[in-house]
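Written below as structure tokens is the structure these notes are about.
Numbering (UniProt numbering), first residue to last: 1 to 68.
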């Protein structure tokens, strides 16, 4: 899964550990989200959207893309 989570985090000059704490998760989980190994649950996506002020569809665009 491609996502902009790592890009948004680095623009704020944050470490994975700092962002994970802000999102009430751990840095291992956050790293998996950034690498596309795991997809955040809808409630977690909402927290990320609220934190960065960017629609979740823009952050996790492949999770919302449907191929025919």
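By construction, the Cβ of each residue, glycine as well, lies at the ideal position given by its N, Cα and C atoms. Only a predicted model underlies this, so the values are computations on that prediction, with no experimental measurement involved.
The distance from the Cβ of residue 20 to that of residue 8 is about 14 Å, inconsistent with a contact at the 8 Å cut-off.
Taking 8 Å as the cut-off, the beta carbon of residue 59 is found no closer than this to the beta carbon of residue 24.
Under the criterion of beta carbons closer than 8 Å, residue 44 and residue 27 do not qualify as touching, at roughly 14 Å. Here the alpha carbon of residue 22 sits roughly 14 Å from the alpha carbon of residue 6.
Here DSSP, grouped into helix, strand and coil, assigns residue 42 to helix.
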